[in-house]
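Right, one structure below, let's go through it.
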Amino acid sequence: MRETGIFGTLDPFYEGGDVMGRKVANAAFLKALLAADPFAAYHFFPPSETVAGVLRRDLSRDFPDLVASGRVAVLHRLELPQMLQTTRYHCFHLSDCLLSQPHLARLRSLHAPERFPVTGGIHSLSRSDTPLAFAQHFWPGVCPRDAVVCTSTAGRATVRAMLDDLRRGLGLDPARLPDPRLELIPLGVDASALRPATPEARAAARAEIGAGEGETVFLALGRLEHHSKMDLLPLLRAFQRAFASGLAQAAAHLVLAGWAEEDDEIVRIVRALAANLGLRLSVVLKPAQDRKLRLLAAADVLVSPSDNCQETFGLTLLEAGASGLPVLASDWDGYRDIVVHGETGLLAPTVGPSDTAGVDALSRLVADNQYHLLLAQRTAVDVAALADGLVRLACDADLRARMGAAARARIEERFTWDGVVRGHLSLWERLWEEPAGNPAGEHPLQPHFARAFAGHPTRSGLSGLTIRRSRSGEAAWRGQEHPLIYAGVSHVVTPERLHGLLVLARAPLEGAELSLRAAKRLSLPAEEAEALVLWALKQGFLEFS
Numbered sequence: 003m004r005e006t007g008i009f010g011t012l013d014p015f016y017e018g019g020d021v022m023g024r025k026v027a028n029a030a031f032l033k034a035l036l037a038a039d040p041f042a043a044y045h046f047f048p049p050s051e052t053v054a055g056v057l058r059r060d061l062s063r064d065f066p067d068l069v070a071s072g073r074v075a076v077l078h079r080l081e082l083p084q085m086l087q088t089t090r091y092h093c094f095h096l097s098d099c100l101l102s103q104p105h106l107a108r109l110r111s112l113h114a115p116e117r118f119p120v121t122g123g124i125h126s127l128s129r130s131d132t133p134l135a136f137a138q139h140f141w142p143g144v145c146p147r148d149a150v151v152c153t154s155t156a157g158r159a160t161v162r163a164m165l166d167d168l169r170r171g172l173g174l175d176p177a178r179l180p181d182p183r184l185e186l187i188p189l190g191v192d193a194s195a196l197r198p199a200t201p202e203a204r205a206a207a208r209a210e211i212g213a214g215e216g217e218t219v220f221l222a223l224g225r226l227e228h229h230s231k232m233d234l235l236p237l238l239r240a241f242q243r244a245f246a247s248g249l250a251q252a253a254a255h256l257v258l259a260g261w262a263e264e265d266d267e268i269v270r271i272v273r274a275l276a277a278n279l280g281l282r283l284s285v286v287l288k289p290a291q292d293r294k295l296r297l298l299a300a301a302d303v304l305v306s307p308s309d310n311c312q313e314t315f316g317l318t319l320l321e322a323g324a325s326g327l328p329v330l331a332s333d334w335d336g337y338r339d340i341v342v343h344g345e346t347g348l349l350a351p352t353v354g355p356s357d358t359a360g361v362d363a364l365s366r367l368v369a370d371n372q373y374h375l376l377l378a379q380r381t382a383v384d385v386a387a388l389a390d391g392l393v394r395l396a397c398d399a400d401l402r403a404r405m406g407a408a409a410r411a412r413i414e415e416r417f418t419w420d421g422v423v424r425g426h427l428s429l430w431e432r433l434w435e436e437p438a439g440n441p442a443g444e445h446p447l448q449p450h451f452a453r454a455f456a457g458h459p460t461r462s463g464l465s466g467l468t469i470r471r472s473r474s475g476e477a478a479w480r481g482q483e484h485p486l487i488y489a490g491v492s493h494v495v496t497p498e499r500l501h502g503l504l505v506l507a508r509a510p511l512e513g514a515e516l517s518l519r520a521a522k523r524l525s526l527p528a529e530e531a532e533a534l535v536l537w538a539l540k541q542g543f544l545e546f547s
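Sequential numbering of the sequence shown, starting at 3, is according to the working numbering.
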């Protein structure tokens, strides 16, 4: 780690609204990074002043000493070009690789003296516009020091497949438009905050949900949405088969805990079916963090038969493992990175479609939850295997204990947030060892406004124009008139820069030459010098001679 290294990001990482895995993971990563405090400073460039204000409040609440030290800066996004020119950044890391990463890389290449690593993580990859977002990563300025951080083996395979489809479908030349680098670092959990419950805490938590001494509590934790998380009906079918094979109804207690409304159709359906099966069911809607911890303390097994491609990793499985619980889950995406079948839990086989051409074509024309449901309903979780897992885990307390202990050990070894932060720090160091790559050109998916709108004005550029200071410019130069500068351009136009420009324009001067002299005198990039001259013309401080 460079002792003077500075961490930068465009994202707040803290988000409000509905509870989602992405939001939980982003906030937890930032908290772990700031708690480790490996950098000299931390610069945030949020997208708006509203977001900036909330971020300042949250950071001051969670890290008061760090904020008080002056090493945390929440800056205006428009300050980014200047900060890139003058600040020695060790890396920029984004909470999502799909939104801004290649565009930040281009801005870095345009302004920064060194090509520091730019990285971003994946979350859900199933939105119909995800391929379009990944297409932004194909541009001539792809840098070996940049990377997309994938959180699971399955997630990385999905990204690779999408990149391959884009390259093949658009005929992209790999020599001119190389692939972005893909790295694998999982998500994590705070293993110090989540631990196996003490006997006293477990007894109190079970009493809270009314769990009897002989009941095995199966906890399903997550959004109770069949279109974006998991279909619970196959799980109820599995309980039906388990009861038919000899599992006593009194031996099982299913707890559904997650984001839903009481009047949601799926909640009503599950309640009715559970009653018909004779399955003891508890439903806990929108549990707060402390309630979730008590539910984990009460549980014997976490059950998660996910069938939805919206899922990429599986944070709830980490929370269960940290709590010393075995997992009964579908053999699905990131789940298989977390659960070692037969050691830390049981995985039920899944089978998905080989042809989705119809859904593919429809997906850009309907809402996400509609095509997610269509895909999930043609993904089958082996109900017989789920039923077998329910019976095995309900009837064998020793097996549950062994698997739970092994799950906790695996979490401590591979899936703590401290370890995730160390993985990113190591990645950024390794990326610095890569070549900087070729000088970047324009990004093909960024508009070139000067070219695109060259037909709008009478002419473009200052060449061939003779420009001089106007009467208003004379007054401004003498301090008798004061310019009104909008906040959105105040990083380019300042009273000091205007004064310097007016000094240069005291006598008529060819426009391009005036812009060139302004750039030199005021230490401005050529683009900003021209913008300053044009603004002064627009506001009447300069005029054509």
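For glycine and all other residues, C-beta sits at the position ideal for the given N, C-alpha and C.
Exposed unless 16 or more other CB atoms sit within 10 angstroms - verdict on residue i
i: Gln482; result: exposed
i: His458; result: exposed
i: Thr88; result: exposed
i: Tyr488; result: exposed
i: His45; result: buried
i: Asn440; result: exposed
i: Gln312; result: buried
i: Asn278; result: exposed
i: Asp302; result: buried
i: Asp384; result: buried
i: Pro176; result: exposed
i: Pro449; result: exposed
i: Gly1; result: Residue 1 lies beyond the residue range present for the chain, which begins at 3 and ends at 547; the question has no answer from this structure.
i: His445; result: buried
i: Gln103; result: buried
i: Val359; result: Note on identity: in this sequence residue 359 is Ala, with Val being the wrong assignment. Exposed, by the Cβ-count rule.
i: Leu433; result: buried
Top-ranked residue by Cα proximity to residue i, from the options
i: Pro437; options: Ala38, Gly143, Arg24; result: Gly143
i: Ala507; options: Pro527, Glu529, Leu536; result: Leu536
i: Leu304; options: Gly326, Val285, Arg293, Ala206; result: Gly326
i: Leu57; options: Leu281, Pro201, Glu17; result: Glu17
i: Ala252; options: Asp67, Ser102, Lys25, Gly214; result: Gly214
i: Leu447; options: Phe140, Arg59, Asp370; result: Phe140
8 Å Cβ shell around residue i - same chain, five flanking residues per side excluded
i: Leu80; result: Gly490, His493
i: Glu553; result: The chain is shown from 3 up to 547; residue 553 falls before or after that span and cannot be answered.
i: Thr352; result: Asp309, Ser332, Asp333, Trp334, Thr381, Ala382, Val383, Asp384
i: Ile268; result: Leu226, Glu227, His228, Leu234, Ala262
i: Thr468; result: Pro510, Leu511, Glu512, Gly513, Phe546, Ser547
i: Ala34; result: Gly190, Asp192, Trp419, Asp420, Val422, Val423
i: Glu210; result: Arg296, Ala300
Sequence-distant residues of its chain with Cβ nearer than 6 Å to residue i (five each side left out)
i: Ala521; result: Ala528, Ala531
i: Leu275; result: Leu238
i: Arg380; result: Pro355
i: Phe47; result: Leu12, Leu77, Arg79, Leu82
i: Arg4; result: Here the model assigns Arg4 a pLDDT of 43, short of 50, so the residue's position is not dependable, and the following value carries that caveat. So the list reads His92, once near-sequence residues are dropped.
i: Asp344; result: One detail in the question is off: residue 344 reads as Gly in this sequence, not Asp. No residues qualify anywhere along the chain.
Within 7 Å, strictly: CB atoms of residue i and residue j
i: Leu168; j: Ala137; result: yes
i: Thr160; j: Leu127; result: yes
i: Glu116; j: Ala149; result: no
i: Arg499; j: Leu534; result: yes
i: Asp339; j: Ser154; result: yes
i: Gly10; j: Ala42; result: no
i: Ala396; j: Thr218; result: yes
i: Ala456; j: Ser462; result: yes
i: Arg243; j: Ala389; result: yes
i: Ala240; j: Leu392; result: yes
i: Thr124; j: Gly425; result: Reading off the sequence shown, one finds Ile at residue 124, where the question assumed Thr. Their beta carbons are not under 7 Å apart, which means Ile124 does not touch Gly425 by this criterion.
DSSP bridge partner residues for residue i (one or two, in chain order)
i: Tyr91; result: Ile8
i: Thr218; result: Ala254
i: Gly152; result: Residue identity check: residue 152 is Cys in the sequence provided, not Gly. Answer by DSSP bridge pairing, in chain order: Leu186.
i: Ile469; result: Leu511, Phe546
i: Ala350; result: Ser332
i: Thr306; result: Checking the sequence shown, residue 306 turns out to be Ser, not Thr. Per DSSP, Ala331.
i: Leu524; result: According to DSSP, which records beta bridges pairwise, Leu524 is partnered with nothing at all.
i: Val269; result: In DSSP, Val269 forms no bridge with anything.
i: His45; result: Gly10, Ala75
i: His343; result: Gly347
i: Ala382; result: Val353
i: Arg282; result: His255
i: Val120; result: Phe94
Own chain, CB closer than 7 Å to residue i, minus 5 neighbours either side, in chain order
i: Leu165; result: Phe136, Asp181
i: Ala27; result: Leu189, Leu317
i: Thr132; result: Leu100, Met164
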